[in-house]
Amino acid sequence: MAISNNLIWSSSREATFNQCKRKYYYNYYAKWGGWSYKADPQTKKIYFLSKLSNLPIFVGSAVHDIIREQIQTISYGMESAATNKVEMDKAIETISTRIKTAEFCSKNREWEDNTKITAFADDYYNDGSSVKSGSVKTVNSWVKKATKCFVNFCESEICKGLVEKRYKMLVCDSNDYVAVDISGVPVYAIPDLVYLDDAGVTHIVDWKTGKQKYQDLVQTRFYSLYARNRWNPEELQIDLVYLDTPNIVSSKPTKEELDEAALLLKESFKQMEQLTKENNVALAEENFLFTADTSSCRDCNFREICPSIAITKTGAKNEVCISAEDALQSVVDATSKDTQPEKVLPVEDDTSNKPWRSLFESK
Ligand code: SF4
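My numbering applies: residue -2 is where the sequence shown begins, and numbers increase by one.
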């Protein structure tokens, strides 16, 4: 049975939409079906590029994976790294092996023969434009960071509560894909952990391996909305857990804040819909504008195929970014050729004008 490409709002989709409409097009439309052996070469290529990773992303996901595995172990009432030194040593060894193996396999371009091997953008482009993945020192420092994050999780109050107080867990599985309807908008969220504490407060927990950033605040509102519509909790708290520091940023959004956020979510969804026809079929590629912030292009996964950037394969220093004006002009040029575009919309690409920003800066 063919999987249909539905338009479902998520915070990562919105982040890509705000960053660059063309990247959004590649990531949510042009790559679709590229996993099939029947797909045409260009679709396969776009799908492959969409899956390029890098060490920071891989490390973040390795930390999330090992924490999820530990939480599942705790939920079965078994010994975990939080309570048993042998289990702790085993878990740390597992993180180290996963990261070092991924780095080694990518550097040796094993993904050329095996689609299950993760390709790092640095190794694919070999242009040094994002974090270097080639040095053992760099890999070791990432392993150290991942270990620190994991140990901090095991020592956290949340983990202690799960072990000692047996908090009831509502979600602790990254496969918990349930879309909910929020003011007529289908929304996906996959919180890392949702649990009920002994005071009856429902906690939505998000593990963070990086530094605090603006997008995290957006997520808190979005997770709150999602939780309100999915579990209808009496009391809700969002816990952003920065594992590296470590510190926890907790918030309890008010009803008014959530209602305002629901309106903004609806507006965001409407903007996405405007770039589609019936059944979530994307408008022609030309309608998806290049970002005006060309610094995003330097480490964009799609820089090989995107017309806004010229890359020569002869060396790391030969990458050329064209200016935002030139990039926008190229859209005008493309849309003024033989055929008229289906619809060119006045898409606002000033990244400082995100609707969500008003939620945090006006208060
Ligand atoms: S290279 Fe730049 S303009 Fe092209 S898709 Fe990536 S971020 Fe957008």
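Yeah, the Cβ is synthetic: ideal placement off N, Cα and C, and Gly gets one too.
Query                                                                                                                                                                                      : Result
Under the assumption that Leu46 contacts Asn298 (Cβ atoms under 8 Å), give the Cβ distance between them as a whole number of angstroms.                                                    : 5 Å
I need the boundaries of the beta strand (DSSP E) containing Tyr192, first residue and last residue.                                                                                       : Leu190 to Leu193
State the Cα-Cα distance for the pair Glu257 and Tyr23, rounded to the nearest angstrom.                                                                                                   : 31 Å
In terms of DSSP beta bridges, what is Trp6 paired with?                                                                                                                                   : Val184
DSSP on Gln67, reduced to helix/strand/coil?                                                                                                                                               : helix
What is the DSSP secondary structure of Gln271, counted as helix, strand or coil?                                                                                                          : coil
Considering only heavy atoms of the ligand SF4, does any lie closer than 6 Å to the CB of Thr13?                                                                                           : no
In the DSSP assignment, the beta strand (DSSP E) including Thr217 goes from what residue to what residue?                                                                                  : That residue, Thr217, is in no beta strand (DSSP E); its alpha helix (DSSP H) goes Tyr211 to Arg227.
Roughly how many angstroms separate the alpha carbons of Glu247 and Asp194, rounded to a whole number?                                                                                     : Note that residue 247 is Ser in the sequence shown, not Glu. Their backbone Cα atoms lie some 14 Å apart in a straight line.
Considering only heavy atoms of the ligand SF4 and the C-beta of each residue, which residues fall inside 7 Å, strictly closer?                                                            : Gln16, Cys17, Arg19, Lys20, Tyr23, Phe287, Thr288, Thr291, Ser293, Cys294, Cys297, Phe299, Arg300, Cys303, Ser305, Ile306 and Ala324
Alpha carbon to alpha carbon, how far is Met166 from Ser1?                                                                                                                                 : 31 Å
Where do the ends of the alpha helix (DSSP H) carrying Thr91 lie?                                                                                                                          : Lys82 to Lys104
So, helix, strand or coil for Trp204, using DSSP?                                                                                                                                          : strand
Leaving out five residues on either side along the sequence, give the residues of the same chain with a beta carbon under 7 Å from the beta carbon of Ala59.                               : Ile92, Arg95, Ile96 and Ala143
Taking the C-alpha atoms as reference points, what is the distance between Pro38 and Ile302?                                                                                               : 13 Å
Looking only at C-alpha atoms, which of Ser265, Pro243 and Ala12 sits nearest to Gln212?                                                                                                   : Ala12
Rounded to whole angstroms, what is the Cα-Cα separation between Ile319 and Thr291?                                                                                                        : A caution first: Ile319 carries a pLDDT of 38, below 50, which makes its placement in the model unreliable, though a value can still be read off. Rounded to the nearest angstrom, the two C-alpha atoms are 8 Å apart.
Identify, in the order they occur along the chain, each residue of the same chain with its Cβ nearer than 6 Å to the Cβ of Ala79, setting aside the five sequence neighbours on each side. : Cys151, Cys156 and Val160
Decide if Gln216 is buried, meaning its Cβ has at least 16 other Cβ atoms within 10 Å, or exposed.                                                                                         : buried
Please return the same chain residues whose Cβ sits closer than 7 Å to the Cβ of Trp228, not counting the five positions on each side in sequence.                                         : Leu167 and Thr199
Could you check the C-alpha separation between Trp108 and Pro250 for me, to the nearest Å?                                                                                                 : 44 Å
Under three-state DSSP, which class holds Ala281?                                                                                                                                          : coil
Using the beta-carbon count (16 or more within 10 Å), is Asn51 buried or exposed?                                                                                                          : buried
Using CA coordinates, which residue listed in Tyr21, Arg19, Val177 and Gly197 is at the minimum distance from Ala259?                                                                      : Val177
In the DSSP assignment, the alpha helix (DSSP H) including Lys41 goes from what residue to what residue?                                                                                   : Pro38 to Ser47
I need the straight-line Cα distance from Thr112 to Gln271, nearest angstrom please.                                                                                                       : 34 Å
Cβ atoms of Val175 and Cys263: under 7 Å apart, would you say?                                                                                                                             : Rather than Cys, the amino acid found at residue 263 in this sequence is Lys. No, the pair does not count as a contact, with Cβ atoms beyond the cut-off.
Check this for me: beta carbons of Tyr44 and Gly31, under 7 Å apart or not?                                                                                                                : yes
Suppose you measure from the CA of Leu237 to the CA of Lys205; what does that come to, to the nearest Å?                                                                                   : 7 Å
May I have the straight-line CA-CA distance separating Tyr289 from Thr98, to the nearest angstrom?                                                                                         : Residue identity check: residue 289 is Ala in the sequence provided, not Tyr. Answer to the nearest angstrom: the Cα atoms are 37 Å apart.
Could you please give me the residues that DSSP links to Asp236 through a beta bridge?                                                                                                     : Val202 and Ser247
In the DSSP assignment, find the unbroken beta strand (DSSP E) run with Lys165 in it and report its ends.                                                                                  : Lys165 to Val168
Taking the straight line between their C-alpha atoms, what separation do you get for Gln67 and Arg10?                                                                                      : 29 Å
Please name the residue, chosen from Ile54, Phe147 and Ser103, that lies closest to Thr242 on a Cα-to-Cα basis.                                                                            : Phe147
Less than 7 Å between the C-beta atoms of Leu49 and Tyr121, yes or no?                                                                                                                     : yes
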